[in-house]
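Data block below; observations after.
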Amino acid sequence: MAESNSTDFDLLWYLENLSDKEFQSFKKYLARKILDFKLPQVPLINLGATKEQLANLLPISYEGQHIWNMLYSIFLMMRKEDHCMKIIGRRNRNQEACKALMRRKITVRWENHTFGEFHYKFFCNVASDVFYVLQLAYDSTSCYSANDLNVFLMGDRASGKTMTINLAVMKWINGEMWQNMISYVVHLTSHEINQMTDSSLAELIAKDWPDGQAPIADILSDPKKLLFILEDVDNLRFELNVNEHALCSNSTQKVPIPILLVSLLKRQMAPGCWFLISSRPTREENIKMFLKTTDCYVTLQFSNEKRELYFHSFFNDRQRASTALMLVHDNEILTGLCRVAILCWITCTVLNRQMDKGHDPQHCCETPTDLHAHFLADALTSKAGLTANQYHLGLLRRLCLLAAGGLFLSTLNFSGEDLRCVGFTEVDFSVLQAVNILLPSSTHKDRYKFIHLNVQEFCAAIAFLMAVPNCLIPSGSRGYKEKREQYCNFNQVFTFIFGLLNENRRKILETTFGYQLPMVESFRRYSVEYMKHLGRDQQKLTHHGSLFYCLFENQEEEFVKKVANTLKEVTLYLQSNKDMMVSLYCLEYCCHLRTFKLSVQRIFEYKEPLVRPTASQMKSLVYWREICSLFCTMDTLWELHLFDSDLNDISERILSKALEHSSCKLRTLKLSYISTASGFEDLLKALARNRSLIHLSLNCTSISLNMFSLLREILDKSTCQIRHLSLMKCDLRASECGEIASLLVNGGSLRKLTLTNNPLRNDGVNILCNALLHPNCTLTSLALVFCCLTEQCCSSLGRVLLLGRTLKQLDLCVNHLQNYGVLHVTFPLIFPTCQLEELYLSGCFFTNDICQYIAIVIATNETLRSLEIGSNSIEDAGMQLLCGGLRHPDCMLVNIGLEECMLTGACCASLASVLTTNKTLERLNILQNQLGDEGVVKLLESLILPECVLQIIGLPLNDVSAETRRMVMTVKERKPNLIFLSETWSVKEGREIGVIPASQPGSVIPNSNLDYMFFKFPRMSTAMRMSSTASRQPL
1 MAESNSTDFD LLWYLENLSD KEFQSFKKYL ARKILDFKLP QVPLINLGAT KEQLANLLPI
61 SYEGQHIWNM LYSIFLMMRK EDHCMKIIGR RNRNQEACKA LMRRKITVRW ENHTFGEFHY
121 KFFCNVASDV FYVLQLAYDS TSCYSANDLN VFLMGDRASG KTMTINLAVM KWINGEMWQN
181 MISYVVHLTS HEINQMTDSS LAELIAKDWP DGQAPIADIL SDPKKLLFIL EDVDNLRFEL
241 NVNEHALCSN STQKVPIPIL LVSLLKRQMA PGCWFLISSR PTREENIKMF LKTTDCYVTL
301 QFSNEKRELY FHSFFNDRQR ASTALMLVHD NEILTGLCRV AILCWITCTV LNRQMDKGHD
361 PQHCCETPTD LHAHFLADAL TSKAGLTANQ YHLGLLRRLC LLAAGGLFLS TLNFSGEDLR
421 CVGFTEVDFS VLQAVNILLP SSTHKDRYKF IHLNVQEFCA AIAFLMAVPN CLIPSGSRGY
481 KEKREQYCNF NQVFTFIFGL LNENRRKILE TTFGYQLPMV ESFRRYSVEY MKHLGRDQQK
541 LTHHGSLFYC LFENQEEEFV KKVANTLKEV TLYLQSNKDM MVSLYCLEYC CHLRTFKLSV
601 QRIFEYKEPL VRPTASQMKS LVYWREICSL FCTMDTLWEL HLFDSDLNDI SERILSKALE
661 HSSCKLRTLK LSYISTASGF EDLLKALARN RSLIHLSLNC TSISLNMFSL LREILDKSTC
721 QIRHLSLMKC DLRASECGEI ASLLVNGGSL RKLTLTNNPL RNDGVNILCN ALLHPNCTLT
781 SLALVFCCLT EQCCSSLGRV LLLGRTLKQL DLCVNHLQNY GVLHVTFPLI FPTCQLEELY
841 LSGCFFTNDI CQYIAIVIAT NETLRSLEIG SNSIEDAGMQ LLCGGLRHPD CMLVNIGLEE
901 CMLTGACCAS LASVLTTNKT LERLNILQNQ LGDEGVVKLL ESLILPECVL QIIGLPLNDV
961 SAETRRMVMT VKERKPNLIF LSETWSVKEG REIGVIPASQ PGSVIPNSNL DYMFFKFPRM
1021 STAMRMSSTA SRQPL
């Protein structure tokens, strides 16, 4: 990159101002300095180079910063004070130029925000602790500093990261921070970097300098006084996992931008420089890659204390501030809202105006919908100094159209063309900017954005209920979208829509603008009907948290009751007091709830006894007690699944009290991935006093000897009703099988035991088999799926089947039994003494060599009703043998599973004959087999006949022709009661081999699928099919 054109950077000027003798001395010093600086030798320098030759040779041989550092050092040794002063003066001027440049850049980011002055003063006060850390971090004499230090500034959306950086840089410019520590600041945003492909470090530094003429040599002359600011690293379009061999150390070499950034962060370039990096916590992998133990990690949080200070600073009236704070503190939703400074400003602005009007904020500002409705209504009318008229309504419509179009097309920063697309004029934009609704973007040049995403989401919710035309925002058609622009979670929009269904909240807007939202009643009716049919919808909700937030925002009792009454099963992920408060409100209306699935994370993480709990911790315990009380008060609630949860001592005792209560009617309790303070002791002791529980699961739990002892005590009680115990994925081994055996012998009520996904191995199963033959054992069902078994334990299992009196169901799926093992297990079934009714051998690695023996069992066993042998090498030859058994008149099978058995159309004729001759077979599953059109047609021809009694069939239909699909439809019409199955054997309960909790690393709470309810609504369906051309008609 070229330097300034003045003599400041003219090498020849410096050399020509040396006498010939001085020049010869200069060359000798230069040769020495090249060695000192560990730079490559250039032979011509040591020869008789003239001043002009040397001035031309040095810039093509070395980087500018090395040249000028050597020159300054040489001139110092030569006592050329005038030369040294000229270099020092140039460097000082360039440092001031850098400060002036940064002042202009930051001023532009602030000048368009009319509330900026208040925020500036406030942040100066409350961020003093952060500035203190930043001051010490870059002070090389401080014990808090370190070589090659990175300071990571972390915070959620709108937490003040950019404001903190701006203020820190302004303090540096004004001489209030980093004096004599930082000489130059290079400021980079992710948006700027995302526009780059290849660049050199010199070009990167010069991007903000006039005409790209930056004093690179001076900036890089002392990297220990150079600070790089990298904003929004979570928004980078590329990963930073660059191979070490690709890194670059030459500041003038052009390289791909990821290599350039990593070379800087690894200090291959500008060694010794400092970094200040901001990011949201959503992309921590890019952070952890460069985070060293000596680095500084600062998290920005808008604490309760800062919020109180904000309110008092804003109102400047003790009484008003206290009233507003009380309203927020008593409402978890508003408390969460006010964790962001900008939303705090909106909240304070609205509350202040309502107080000015003499209204009680307690009644008119209960929810975010209230606040945003008042904010928009006041901003678009009163603040503009005008009364409500058609202009204001048109302005609102255009604003809402822009908001909705932006969210649908992942556009949060709008161009001037986008604004004109929805009909905005320059006057409109001036009004919206004056009232702080639409503002110039601080990260995207010549673009505009809503003051906060919540305001855009609220306007989009209004658009949903408005009869507005569709509009394709021009910026939405851009192929590439930055990560922060990618909008895919509409939950907050949905919540606002439900809030606007509330008549009182809706009237805030309707009264102000003299306009009724036309889609309200139709969507209200639609949402109730949709919820009624949700159970039959393929895309049913994966969890109900988002829906509950919608209902809480609405709070119209009759409407909430209608929706909540449709729910028979609810799944919730609770991670805050806000989640618990909202859930409690809605659960009280779920009068037909039967199954409750619950995850509690991050709320009870503190494990130490609470000597003096905080107000928030007390609230958590109160909410938790109320939730647990539902287990006793809801008569319809029979099943509780508590998964992926952390409980401390107090929360576990509260749960235990509820479970042991005489009014608790739970029949099924499933616990998986649970962490408790007592190691489950309190919970199990409570269950010993529970008289309604029939099914207990302790899946994905480490079972201690004490727990086995407590389980034995529970099962041994005469009042115990537990018939099914599940210990899936508990890492149980042969050493624990003695304890399990004691449960079988002493568990009087126990009838079913599930031990899926435990490495019991052959030795462990042999121990269990001895217990199964004990006269006190009454077990009827045993699941040993994926227990690392081989053929060596099958003789013991066969002995149980031959001699045992109670076992009726045995599941051995996904074990390496092979032909020999399966033969041992199936042989006892030939004898009439065998009582087994269901045998599952899917994925047991056997072949068609033993199908003749299985066929004999099918034909002769009078008790066997269900046989599943999927995922084995049955093939067509084996299927022919099995069909012989299935056609036998004595065959009593009701279900047979043959998924993924390498079957083809060649066996379908035999299988079709089974469908018309067998009078007991009701269920057949042959999914994941390559039957072809011809084979499927043969089966369909038998299925349609009246002689076929099959009720459920799993047919592979993915690759069949259109004609075959039409034949399937004909069969469904002729036999409407015939069910076509789509699930395989592996998804049945008790066979879940891989279970991953939501809070494990890399996992997130799943999408609730609430989108389907909104996007299937006719109004939204139209909106989703947005026009291919933009509507440019003003509203």
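The opening residue of the sequence shown carries number 1 in full-length UniProt numbering; numbering runs sequentially from there.
The beta carbon of each residue, even a glycine, is placed where N, CA and C say it ideally should be.
Check: Measuring straight from C-alpha to C-alpha, what distance separates R887 and C948?; Outcome: 13 Å
Check: Runs of 3 residues minimum, wholly inside the region 747-823: which ones carry the beta strand (DSSP E) assignment?; Outcome: 752-754, 781-783 and 809-811
Check: Specify the secondary structure class of S651 as computed by DSSP and reduced to three states.; Outcome: helix
Check: By a C-beta neighbour count over all protein chains shown, 10 Å radius and 16 as the cutoff for buried, is R805 buried or exposed?; Outcome: exposed
Check: Whose C-beta lies closer than 7 Å to the C-beta of L551 among residues of the same chain, with five residues either side of it excluded?; Outcome: F498, V560, V563, A564 and C586
Check: Work out the CA separation of D232 and Q492 for me, nearest whole Å.; Outcome: 23 Å
Check: If I257 sits next to V242, beta carbons under 8 Å apart, how far is it from one beta carbon to the other, in whole angstroms?; Outcome: About 10 Å; that fails the 8 Å criterion.
Check: Please name the residue in F131, V186, N180 and L39 whose C-alpha comes closest to that of C98.; Outcome: V186
Check: With respect to the beta strand (DSSP E) encompassing G514, which residues constitute its N-terminal and C-terminal limits?; Outcome: Where G514 is concerned, there is no enclosing beta strand (DSSP E), given that its DSSP letter is neither H nor E.
Check: Can you check whether the CB of F302 is closer than 8 Å to the CB of V340?; Outcome: yes
Check: Assuming E973 contacts Q951 under a Cβ cut-off of 8 Å, what Cβ separation, rounded to an integer in Å, is found between them?; Outcome: No, E973 and Q951 are not in contact; Cβ-Cβ is about 16 Å, not under 8 Å.
Check: What separation, rounded to the nearest whole angstrom, lies between the Cα atoms of S749 and L773?; Outcome: 17 Å
Check: Hey, quick one: how far does the alpha helix (DSSP H) through C471 stretch, first residue to last?; Outcome: Taken as a continuous stretch (DSSP letters only), C471 belongs to no alpha helix (DSSP H), as it is neither H nor E.
Check: Looking at the unbroken alpha helix (DSSP H) that takes in G336, where does it start and where does it end?; Outcome: E332 to L337
Check: Using a Cβ-Cβ cut-off of 7 Å (strictly less than) and excluding sequence neighbours within five positions of L438, which residues of its own chain qualify?; Outcome: F429, L432, Y448 and F450
Check: Any idea what DSSP makes of E639, helix, strand or coil?; Outcome: strand
Check: Quick check on this structure: which residue in M78, K33 and I60 has the alpha carbon closest to the alpha carbon of E22?; Outcome: M78
Check: With DSSP as the reference, label P1001 as helix, strand or coil.; Outcome: Note on P1001: pLDDT 37, under 50, position unreliable in the model; no value is reported.
Check: What is the DSSP secondary structure of H724, reduced to helix, strand or coil?; Outcome: strand
Check: Can you list, in chain order, the residues of its chain whose CB lies under 8 Å from that of N929, leaving out five sequence neighbours each side?; Outcome: L898, E899, E900, C901, M902, L903, T904 and P956
Check: Below 8 Å between beta carbons: does that hold for residue 1046 and L401?; Outcome: Given a span of 1 to 1035 for the chain in the structure shown, any question on residue 1046 remains unanswerable.
Check: Bridge partners for L839 per DSSP, in chain order?; Outcome: L810 and L867
Check: Distance, Cα to Cα, A783 vs T719?; Outcome: 25 Å
Check: Kindly indicate which residue of L226, T293, V298 and K292 has the alpha-carbon position closest to the one of M269.; Outcome: L226
Check: Between V126 and A137, which are expected to be in contact by the criterion C-beta below 8 Å, what is the C-beta distance as a whole number of angstroms?; Outcome: V126 to A137, Cβ: 19 Å. No contact.
Check: What's the gap between the Cα of D156 and the Cα of C459?; Outcome: 22 Å
Check: Is the beta carbon of N757 closer than 8 Å to that of K717?; Outcome: no
Check: Quick test of your reading: G476 and T425, contact by CB under 8 Å. State the CB separation rounded to the nearest angstrom.; Outcome: G476 to T425, Cβ: 21 Å. No contact.
Check: From which residue to which residue does the beta strand (DSSP E) around C296 run?; Outcome: C296 to T299
Check: Which runs of the alpha helix (DSSP H) at least 4 residues long sit entirely within the region 190-248? Give them in chain order.; Outcome: 190-194, 201-206 and 216-219
Check: DSSP three-state label for K86, please.; Outcome: helix
Check: Classify T917 as helix, strand or coil using the three-state DSSP reduction.; Outcome: helix
Check: Look at the alpha carbon of E176 and the alpha carbon of S128, and state the distance between them as a whole number of angstroms.; Outcome: 12 Å
Check: Is the region 827-843 touching the region 858-877 in the sense that three or more CB pairs, one from each, lie closer than 8 Å?; Outcome: yes
Check: For G594, which residues does DSSP report across the bridge?; Outcome: A small correction: the amino acid at residue 594 is Arg; Gly does not occupy that position in the sequence shown. Per DSSP, none; premise fails for R594.
Check: If I measure Cβ to Cβ from K33 and keep anything under 8 Å in the same chain, skipping five residues before and after, which residues do I get?; Outcome: M70, S73 and I74
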